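Student: All residue numbers for the sequence shown refer to UniProt numbering, where the first residue is 1 and numbers rise by one. Note that CB positions come from ideal geometry on N, CA and C, so glycine has one too. Owing to the predicted nature of the structure, the values given are computational and were not obtained by experimental measurement.
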Amino acid sequence: MTTEPTSPDDLARALDGTGYLADDGLASAAFLALRMGRPLFCEGEPGTGKTALAQALSESLGLPLVRLQCHEGIDASQALYDWDFPRQLLHLRALEASASASHTELDVDAVESSLYDRRFLLARPVLQAIQEAPCVLLVDEVDRADDEFEAFLLEVLAENSVTIPEIGVVKAATPPLVVLTSNRTREVHDALKRRCLYLWLEHPDLARETAILRRRLPDLPEQLAEQVAQAVHGLRGLDLLKPPGVAESIDWAQALQLIGARHLDLASATATLGAVLKYREDADRARDKLDALLAS
């Protein structure tokens, strides 16, 4: 682990070194989560940099990143651990073959004990984070999981430990830095929020988005960066199914660079619109407004 930041400004500078530009509120929330040992619950529209924050914290702090991608129907075994059944079966067959060759009887209790050894344990993200801590554990899109999984996750994160019946309790010597993200497709329970520090992320303002584009794409002309940021802000003001996030801004600017555009005009914007909008309905709606957007 690199030197731990001593202030929010110190952490902001460390994040800046990875290309992540953090405002004062974000830097303060992340710093407090780190120093207080509390999970950081990041909520906001898709594309506001929630996942990227966890990645930047991992890189700037010199800690491994462990990611748990939540989805509908996810259960505890997918987050905690499982047993490597094929290897266990091979091990059992090897024991049986050895006993047969030596004309001895298998000790059932010893065999069962050997099957549930750590070497056959498959650590899923939460157990992996507990074992590897200090690290950054990213619990991405927790709002896509169901209430039961959320309650389970709350208990594990509160204790920073996992109980494996066949082995015992595995506890983190140092709690991982936990970053939970939510796109607010549903409300996450208050019980989880109470145990976290809360951070709402907005899309960056025009100046910050321009600075992000210049930082991520150093060869991008300043005028083009400003035009892309301004056009993306205009697109977000339309009634789109999926307004573009910062990642789409970067993709659009890079696409314009690759076709040799020095500025954003109707022809270059139309040719590269698929880099920033991912629904046909959104693209159709945007094409009708491009002239006005580029003129503003």
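#1: So, at 8 angstroms on beta carbons, what are the nonlocal neighbours of L241 in its own chain, with the 5 sequence-adjacent residues on each side left out?
#2: Less than 6 angstroms between C-beta atoms, sequence neighbours within five positions excluded: which residues of the same chain meet that for Y198?
#3: Between the alpha carbons of A30 and V66, how many angstroms are there, rounded?
#4: Who are the Cβ neighbours of residue 303 in its own chain at under 8 angstroms, not counting the five residues just before and after it?
#5: Taking the CB atoms as reference points, tell me whether A99 and L90 lie closer together than 8 angstroms.
#6: Who are R214's beta bridge partners in DSSP?
#7: Going by C-alpha to C-alpha distance, which of L220, D23, L277 sits closest to E248?
#8: Please report the straight-line C-alpha distance between A56 and I259, rounded to a whole angstrom.
#9: Going along the chain, which unbroken runs of the alpha helix (DSSP H) with 4 or more residues stay wholly within the region 21 to 56?
#10: Look up D251 in the DSSP assignment and say whether it is helix, strand or coil.
#11: Give me the DSSP bridge partner(s) of Y116.
#12: Is there contact between the region 19 to 30 and the region 155 to 165, where contact requires at least three CB pairs shorter than 8 angstroms?
#13: For H203, does the count of other Cβ atoms within 10 angstroms reach 16, so buried, or fall short, so exposed?
#14: Just to confirm the assignment: which complete alpha helix (DSSP H) runs, minimum length 4, are found wholly within the region 54 to 110?
#15: Given this structure, state the Cα-to-Cα distance separating D84 from C135, to the nearest angstrom.
#16: Answer with buried or exposed for Q223, where buried requires no fewer than 16 other C-beta atoms within 10 angstroms of its C-beta.
#17: For D140, does the three-state DSSP call read helix, strand or coil?
#18: Could you pull the start and end residues of the beta strand (DSSP E) that G168 belongs to?
#19: Taking A231 as the reference, give the member of L206, E148, L80 with the closest Cα.
#20: Go through its chain and collect everything with a Cβ distance to Q254's Cβ below 7 angstroms, but skip five positions before and after it.
#21: Span of the beta strand (DSSP E) holding V179?
#22: Tell whether a beta-carbon distance below 8 angstroms holds between A79 and P125.
#23: Considering only the alpha carbon of each residue, which of S268, T210, L220 lies closest to residue 304?
#24: Just curious, the beta strand (DSSP E) that T163 is in, first and last residue?
#25: May I ask you to list the residues that DSSP assigns as paired with Y198?
Tutor: Put simply:
#1: Around L241: Y279, E281, D282.
#2: F41
#3: Their backbone Cα atoms lie some 17 angstroms apart in a straight line.
#4: Residue 303 cannot be examined here, being either before or after the span of the chain that is shown, 1 to 296.
#5: no
#6: According to DSSP, which records beta bridges pairwise, R214 is partnered with nothing at all.
#7: L277
#8: 29 angstroms
#9: Here the runs fully enclosed are 24 to 36.
#10: helix
#11: Note: Y116 sits in no beta bridge, so no partner.
#12: No, they do not touch.
#13: buried
#14: 76 to 79, 85 to 102
#15: The C-alpha of C135 is placed about 25 angstroms away from the C-alpha of D84.
#16: exposed
#17: strand
#18: Counting along the chain, G168 sits inside the beta strand (DSSP E) bounded by residues 168 to 171.
#19: L206
#20: L217
#21: 177 to 182
#22: yes
#23: Lying outside 1 to 296, the shown extent of the chain, residue 304 is not represented and no answer is given.
#24: 161 to 164
#25: F41
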